[in-house]
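Numbered according to the numbering used here, the sequence shown spans residues 659 to 947.
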Amino acid sequence: MNAVATPKLARPAASLSLLGTTFQNPVLLASGTAGFGREVARVIDLEALGGIVTKAVTPEPRAGWPAPRLVEFRGGMLNAVGLANPGLEAVRREALPWLAGLSRARVIVNVAGATLDDYAAVLEGLRGAAVTAFEINASCPNTNAGGLEFGSDPESLAALVRRCRRATDTPLVVKLSPVLPDIAAMGAVAEGEGADAVSVVNTIPGLLPDGLGHGNGGVSGPALLPIGVLAVRRLVERVAVPVIGVGGIRNVTDARAYLGAGASLIAVGTAALADPRVPERIARALAHD
């Protein structure tokens, strides 16, 4: 009896079109690991990549959690930065004009908040900005719901995406947590409310003794790779919008695992902190596939 072959998902070309534009390659810098681009411009050739996802932007400046904010362990990194950022006005005045000077790399702005009004304020405040898309961080705690994450249940996620969709005509990418019981179903909720793409995965909550100043934080790095690849596979089987794969990518083999699972784009984060040349090496290697 012949075994039934598992159908292979098509791998995207080096240059691909989505979110209303063309990406010269599938490699992005993940949110929270490259600031607003200028911070890494001397060590990473941004124009060699598909794009950059900025640090999270909130309506008001945030100092973030106390140091230490990063702790390495054998499986990767634990971080608790606390969405530290200069706030909407400073980003609009200083960061985005610099990013607008990029000619080949696309710019995706990560948006965060504690209430629906926070997200809407950032999106409305950046109306008309020269960005490709906004990445909506659905893992933020909703203060109006007792601290539960926006993406923790279908109703709150639907309300978040719906509010964001009303606030902007720019494409929306919804970033989901890996700890959701049914991440594909939540991706479908986001798609149904107008999301143009979904990105997976965010960090996993973790705690190490004598580690972070805040106590617990988010786990990133190699340990996330199989979790993220499975999330991508489940989502592409459920939603029609593009899926961006994030988590644990250290080399071109890891990137191919995401692309083979159906990701349209991939984002490199923790690995670029250790070696800023990793994203460009991956982009060059993928160009030869």
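Every residue gets a Cβ at the ideal spot worked out from N, C-alpha and C, and that includes glycine. Everything numeric in this text was worked out from a predicted model, so none of it was measured.
Endpoints, beta strand (DSSP E) assigned at residue i
i	result
G903	V901 to V904
R764	R764 to V769
L676	L674 to L676
G876	G875 to S878
N795	A791 to N795
S857	A855 to V858
V711	G709 to V711
V831	L830 to K833
Residue of the options minimising C-alpha distance to residue i
i	options	result
A921	R892, P839, P812 and E697	R892
G709	G875, S675 and A742	S675
L866	L838, A721, S689 and L736	L736
E938	A688, T679, V698 and I702	I702
R732	L882, L818 and P934	L882
G745	V780, R764 and L757	V780
P884	N909, A915 and V897	A915
L728	G690, L677 and N909	G690
A889	G850, I924 and G875	I924
T958	A738, P719, F681 and P717	Within the shown structure, residues of the chain are numbered from 659 to 947, placing residue 958 beyond reach of any answer.
G927	A919, G918 and S878	S878
D827	E807, A817, G805 and A787	A787
G695	A742, G722, P719 and V765	V765
E782	N802, C822, T790 and L917	C822
A943	P934, L917 and V910	V910
S814	N743, V887, G875 and E851	E851
D947	R908, G876 and L917	L917
V789	W723, A945 and F681	F681
N683	A748, K833, A913 and V715	A913
W723	G875, L677 and A945	G875
Residue i vs residue j beta-carbon contact at 8 angstroms
i	j	result
A725	G871	yes
S835	G873	no
L687	A930	yes
V711	A941	no
M844	P880	no
L841	V819	Sequence inspection shows Ile at residue 841; the Leu mentioned does not correspond to that position. No, the pair does not count as a contact, with Cβ atoms beyond the cut-off.
A763	L704	yes
F792	L830	yes
V698	A706	no
L741	T716	yes
A932	V897	no
V936	R908	yes
Endpoints, the alpha helix (DSSP H) within which residue i is located
i	result
G804	Note, G804: premise wrong, no alpha helix (DSSP H); not H, not E.
P884	L883 to V894
V936	V936 to L944
P812	P812 to A825
L917	V910 to A919
E849	I841 to G850
E782	L774 to G783
P755	L754 to L757
A930	T928 to A932
Any non-hydrogen atom of the ligand FAD closer than 7 angstroms to residue i Cβ
i	result
G678	The model depicted lacks the ligand FAD and carries no ligand whatsoever.
Opposing strand residues paired with residue i [DSSP bridges]
i	result
N683	Paired residue(s): none; N683 is not in a bridge.
F731	G734
V923	The identity of residue 923 in the sequence shown is Leu, whereas the question assumes Val. According to DSSP, which records beta bridges pairwise, L923 is partnered with I902.
G864	G875
F750	It should be noted that the sequence gives Arg, not Phe, for residue 750. Bridge partners of R750: none, in fact.
Handout entry: Cβ contact check for the stretch 794-814 and the stretch 763-780: 3 or more pairs under 8 angstroms
Key = A contact is defined here as three or more CB-CB pairs under 8 angstroms, and the stretch 794-814 meets this definition with respect to the stretch 763-780.
Handout entry: Segment contact, 8 angstroms Cβ cut-off, at least three pairs: the stretch 852-868 with the stretch 900-914
Key = Three or more pairs of CB atoms, one per stretch, sit closer than 8 angstroms, so the stretch 852-868 contacts the stretch 900-914.
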